[in-house]
Structure formats: C-alpha cells, structure tokens
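Some notes on the structure that comes next.
Residue numbers (my numbering): 11 to 634.
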C-alpha cells in the first residue's frame with residue numbers, strides 16, 4: 011500500500027515526487043496520517059524546503075574547507091588506525107591515482123581535490139566524506155584480494171559520491187524530511203510518534219540514500235572504465251561482496267537472521283546485492299556494444315553463443331567473479347576496437363593464437379580461453395559479432411551517450427571557469443591551508459584553477475599564494491619569482507609580504523624574511539601572523555629573548571591560540587599555560603577511555619556474533 015501524496019510531500023519536505031512508503035507500516039499509522047490538516051502539511055513542506063536549502067548551503071561550505079578535510083583524515087586515523095600494510099596502501103594508491111589522473115570527470119568549483127587513506131578497519135567498506143576524503147577499510151582491500159579492477163569499481167563508486175556532492179545533498183534532504191516529520195507530529199495530537207519515525211526513517215533510506223547509491227554505481231562504472239579498468243570489475247566486486255556478507259562478514263549487523271523478526275520494516279538504504287550485480291552487468295554488456303553477456307554467474311556468451319564456462323581459481327568459489335572479469339575483458343575489447351582487425355588475432359609459435367595485448371585487463375580472459383582451449387572459438391565468435399548489423403547500431407548509440415557524459419563534464423569545467431570571484435578567493439584560502447600542512451601538490455592544483463578562472467578576484471594574491479606553494483614543493487627559484495611579482499602588483503597588501511617572508515624563511519634567508527615582516531607591520535601592526543612568524547624565526551636563530559617578545563605580542567593579538575611552544579608559553583602567560591596543559595591531559599584521558607570503550611564493544615560484538623552463528627547452526631540441524 012501507499013501513503014497519500016499529501017503526506018508524502020510533507021515527509022519528503024517539498025521534494026518533487028511522492029514515493030511509496032514501507033508496506034510494513036501499520037494500517038493505523040496510515041489512517042492517522044490521512045487525517046492531518048492539508049494546510050499544516052503544506053506549511054511543513056515549505057519549512058522543510060527552507061531547511062533543505064539552508065542545510066545544503068552549510069554542508070557545501072564544509073565540503074569546500076581544507077581544515078575540515080584534514081581534520082576528518084586525522085579523526086579517521088585516530089579512531090580507526092592507519093593500515094600499516096604496504097601492499098594494501100600501494101594498491102589503493104595505484105587504483106585511485108589512476109582514476110584521478112585518467113578517469114573522465116570534473117570537479118565543481120566548490121569541491122576539494124580527492125584525498126584518501128587506508129584505515130585498519132576490518133569491515134567490507136569504504137566511504138567518501140563531504141570534503142572529498144575517501145576512507146578505505148583494510149577489510150575491503152583484503153576481501154577483494156587486492157584485485158585492482160574490483161577495487162576500481164568500489165572506489166569509483168565512492169568518488170562519484172564526492173563528485174555529485176551526495177553527502178551534502180543527502181544530509182540536507184534528511185534534515186528537511188525530519189523537519190517535516192517534526193512539524194506534522196507537533197500538529198497532530200493523535201499521531202503515534204513511533205509510527206511517524208518509521209515513515210520518516212524509511213523515506214530517508216529509500217528516497218534519499220538509495221537513489222544516490224544507484225547513481226554512484228553508474229558513475230563509478232564510467233569513472234573506472236574511462237581510466238582503463240576492466241568493465242566487469244563492478245559486477246565481480248558485488249559478487250564477491252555477496253559471498254563475503256554471507257560467509258565471511260566481519261560485522262554481524264550486515265547479515266541478519268530473517269527468522270528473528272520477519273515483519274520488521276526494510277530500512278536498507280542500498281540496492282539489493284543481486285540487483286547491483288544485474289545493473290552493473292548490464293552496463294558492462296552495453297559498454298561492449300551489446301555483444302557480451304554472462305549467464306548463471308558462470309557462462310560467458312558472445313551474441314548469445316557460449317564461449318566458455320568460468321571456474322574458480324582461489325581458496326573460495328570465485329567463479330562468478332571470474333565470469334564477469336572474463337566478460338569485462340571481452341567488453342573492453344569490443345568497445346575499444348571498431349573492427350575485427352583491432353583484436354590482432356594471429357598465429358603464434360606452438361600453434362596458438364595470440365590476440366590483444368598483455369595488460370592486466372585481459373588476464374582472466376586469456377587464462378580461461380587457454381584453459382578451455384577456446385582460442386579458435388573466440389576468433390570465430392568475434393569475427394561473427396563484427397559482421398552483424400548490431401555492432402554498428404550499438405556503436406552509434408554508445409558514442410552518443412558517451413558524448414553526452416563528456417559534454418556534461420565539460421559544462422562543469424566551464425561553470426568553474428566562469429565562477430564568481432568569491433569562489434576563487436576560497437580556492438586561494440584552501441591552497442594556502444594545503445601549504446600550511448605541507449601539501450604542495452594539492453595547493454598547486456587549486457592555484458591552477460584560480461589562474462584559469464575568468465574572474466581572478468585578486469591576481470597579486472594568486473601569485474603570492476602560488477609562490478608559497480612552490481616553495482613548499484621545493485621550487486624556490488619559481489617561488490621567489492611569483493612572490494616578487496605579487497609585491498610588484500600590490501605593495502599595499504600585507505599578505506603579499508607575509509607570504510614572501512615565509513618563502514624567504516624556507517630558503518634560509520631569515521634577514522630578508524624579517525625585513526618583509528617589518529613592512530607587514532607598517533601595513534597592519536595588529537596582524538597576529540607577523541609576530542607568530544617573527545617568534546618562529548628568532549627561535550630558529552637562537553635569539554630566545556627576541557622570540558619571547560614576539561610571542562608575547564602574538565598572544566596579545568590572538569589570546570586564544572594554542573600553537574606557542576611550551577618553553578615560551580610558560581613565560582608568556584603562566585595561568586593560560588596551566589590551562590592548556592590541563593586541556594591536553596583531559597583529551598588524553600578521553601582518548602584512553604574511548605579506546606577502552608571500543609575494546610569492550612568489540613568483545614560484545616564477538617559474543618553477539620558467536621551467539622548468532624550458534625543459532626544458525628541449531629536451526630540448520632533442526633531443519634536437517
């Protein structure tokens with residue numbers, strides 16, 4: 011059954027279309043909901059829309075702030091730990107590096123460059139923060155057996171969340187829907203709050219999160235294929251995930267016993283696993299001009315004719331994975347080569363047939379063709395596929411769709427170039443914060459965008475901040491050239507002198523740095539960074555008294571800072587120093603308590619897992 015459109019509109023906070031809600035929702039809740047005043051529903055919908063717009067603006071601002079991005083990374087590493095295994099990190103770096111360098115996409119002007127880390131978590135999972143930080147669980151990397159094509163599909167999925175700004179948009183929608191639910195609940199004395207929460211919870215899962223997951227699957231597919239990965243990697247990864255969740259899951263919450271509560275509402279905010287496999291397999295088939303399909307998770311077909319049956323080649327039954335990776339190799343070949351000649355079939359020594367190249371993407375295909383003695387069969391089916399009229403028709407269709415996607419990305423690039431000066435100002439701020447954290451590559455990437463923009467906002471500052479980024483990268487000659495040019499363009503801007511002072515400091519020319527700080531002080535004597543840098547330089551020079559005097563002035567101009575070295579802070583303000591020490595001790599205490607809490611939670615989790623599987627075993631024994 012469906013809830014009425016008016017109630018749906020209220021719950022979805024002004025979203026365009028009403029959606030069917032949980033069929034498990036009690037009939038009484040539907041009856042009570044139908045009795046709500048239509049005027050109040052309209053008011054709640056309007057309030058929800060305003061809540062959505064306001065929240066989205068704030069979330070997008072958070073997503074475009076380097077400080078939040080870096081703090082998210084630090085928090086992730088503190089809470090989950092960093093994966094110490096070099097192989098895990100290398101394969102993720104290689105996959106995401108290739109996608110970011112060669113995949114077809116475009117960053118919106120209010121998006122940060124992608125960063126990623128591999129954490130020590132054991133769950134089969136990865137996630138993308140609103141700040142374009144991708145956290146990858148070690149458990150995911152190992153569960154996929156370090157397979158680059160399967161990882162590319164999953165990580166391309168997460169990148170799409172970032173590119174489409176799903177986290178910000180979904181959070182805003184969820185806030186709006188919750189707002190509408192609260193408004194309705196407060197206006198209806200007879201509405202059961204638990205039932206209302208069920209409606210709102212289901213709506214958020216099904217109408218907010220689920221569509222973005224489907225979009226991420228599709229976007230991830232095209233990201234990884236444009237970067238040259240196997241187009242069967244997505245379906246293969248989902249097949250592996252299905253196996254993992256059934257037999258090897260590390261999180262008991264991911265695999266629930268359906269007999270425990272068969273009437274519970276379905277709040278799943280991800281597509282069903284078999285649906286994801288089917289969707290990704292269909293994308294693979296289309297990518298391969300409609301020629302390649304997989305049946306029964308094992309049989310690989312070309313235009314409906316069986317080429318071979320896959321088998322397993324690992325310590326578990328990975329037949330389905332192999333089938334999709336074999337088919338993916340075929341699909342990529344059909345996509346990349348417009349004629350039979352492109353496959354380069356030729357007689358090779360030993361009466362074998364050679365074809366395509368020796369890249370990883372064709373590894374499974376060649377392995378199983380050889381195992382099944384299917385070289386001649388493959389050549390026959392490929393030749394026949396190109397001879398059919400189907401190939402030309404599909405190529406035109408696929409080419410048109412690919413152009414549409416390319417044009418859409420180009421539109422995003424053009425919008426970034428035509429952005430208002432405020433966006434360029436934020437680019438500079440973010441670039442400078444990357445430099446502060448020693449991240450020259452990211453800083454220079456953002457400054458490239460700033461210089462390419464048609465509304466540069468402040469050209470002199472662009473040179474100043476790019477100069478500092480070049481210094482962080484170790485290119486001191488180019489850094490000074492940019493810094494000098496910034497001062498030439500605008501010698502009344504304090505930040506042009508501050509940035510050049512920092513460049514001089516990095517080159518070891520401390521006297522020149524101090525001279526620029528004097529000029530900065532003449533422009534604005536209340537700027538705290540003058541005294542902070544002066545204190546650091548004098549400390550480096552061993553001039554403790556001068557450093558202390560600088561730090562005292564720094565504290566005077568910015569009394570809430572926490573970055574004055576302890577040896578100076580004790581003399582700058584003894585009471586404040588004691589307070590800072592106590593804050594550190596409290597944070598360390600809280601950190602230890604959190605760690606102990608995690609250990610206790612893990613113990614309970616393992617106990618619950620053991621109990622769960624004992625129950626499953628008993629049921630199986632009884633059924634037998």
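Note that CB positions come from ideal geometry on N, CA and C, so glycine has one too. Note that the structure is a prediction, hence the values are computed from the model and not measured.
Is the beta carbon of residue i less than 8 Å from the beta carbon of residue j?
i           : j           : result
residue 366 : residue 337 : no
residue 463 : residue 496 : no
residue 513 : residue 490 : yes
residue 245 : residue 310 : no
residue 635 : residue 102 : Outside the shown range of the chain (11 to 634) lies residue 635, about which nothing can therefore be said.
residue 705 : residue 312 : A query on residue 705 cannot be resolved here, the shown segment of the chain reaching from 11 to 634 and no further.
residue 299 : residue 242 : no
residue 547 : residue 523 : yes
residue 301 : residue 409 : no
residue 227 : residue 161 : no
residue 181 : residue 83  : no
residue 437 : residue 454 : no
residue 345 : residue 297 : yes
residue 429 : residue 465 : yes
residue 508 : residue 486 : no
residue 249 : residue 320 : no
Identify which residue in the options has its Cα closest to the Cα of residue i.
i           : options               : result
residue 448 : 129, 182 and 480      : 480
residue 488 : 474, 505, 428 and 241 : 474
residue 317 : 174, 508, 244 and 379 : 379
residue 530 : 131, 516 and 502      : 502
residue 223 : 239, 147, 302 and 136 : 136
residue 419 : 68, 87, 394 and 233   : 233
residue 130 : 86, 113, 334 and 108  : 86
residue 607 : 89, 77, 64 and 66     : 89
residue 121 : 509, 72 and 390       : 72
residue 140 : 331, 387, 67 and 557  : 67
If you draw a straight line from the alpha carbon of residue i to that of residue j, how long is it in whole angstroms?
i           : j           : result
residue 128 : residue 586 : 38 Å
residue 283 : residue 461 : 45 Å
residue 134 : residue 351 : 42 Å
residue 116 : residue 93  : 29 Å
residue 519 : residue 106 : 39 Å
residue 423 : residue 170 : 16 Å
residue 168 : residue 158 : 15 Å
residue 441 : residue 74  : 11 Å
residue 597 : residue 573 : 16 Å
residue 484 : residue 517 : 9 Å
residue 467 : residue 174 : 26 Å
residue 398 : residue 375 : 23 Å
residue 324 : residue 253 : 13 Å
residue 452 : residue 364 : 43 Å
residue 555 : residue 427 : 49 Å
residue 306 : residue 340 : 18 Å
residue 600 : residue 593 : 11 Å
residue 260 : residue 153 : Since pLDDT at residue 260 reaches only 42, below the 50 mark, its modelled position is unreliable, and the value read off the structure follows with that caveat. Rounded to whole angstroms, residue 260 to residue 153 spans 10 Å at the Cα level.
residue 414 : residue 221 : 21 Å
residue 96  : residue 561 : 42 Å
residue 178 : residue 138 : 11 Å
residue 603 : residue 304 : 52 Å
residue 123 : residue 156 : 24 Å
residue 147 : residue 478 : 34 Å
residue 444 : residue 576 : 25 Å
residue 206 : residue 326 : Its pLDDT being 40, under 50, residue 206 is placed unreliably in this model, and the value from its coordinates should be taken loosely. Approximately 45 Å between the Cα atoms of the pair.
Here's the rule: buried if 16 or more other CB atoms are within 10 angstroms of the residue's CB, otherwise exposed. What is residue i?
i           : result
residue 322 : exposed
residue 61  : buried
residue 145 : buried
residue 614 : exposed
residue 476 : buried
residue 542 : buried
residue 417 : exposed
residue 493 : buried
residue 79  : buried
residue 356 : exposed
residue 545 : buried
residue 113 : buried
residue 505 : buried
residue 579 : buried
residue 482 : buried
residue 551 : exposed
residue 292 : exposed
For this session: Could you tell me which uninterrupted alpha helix (DSSP H) segments, each at least 4 residues in length, are contained entirely in the region 414 to 481, listed from first to last along the chain?
Result: Within the region 414 to 481, the runs of alpha helix (DSSP H) at least 4 residues long that lie entirely inside it are, in chain order, 431 to 446 and 450 to 462.
Exercise. Could you give the uninterrupted runs of the beta strand (DSSP E) lying entirely in the region 331 to 362, keeping only those of 3 residues or more?
Worked result: 356 to 358
For this session: Jot down the residue ranges of each uninterrupted beta strand (DSSP E) in the region 94 to 140, minimum 3 residues, whole runs only, in chain order.
Result: 125 to 129 and 136 to 138
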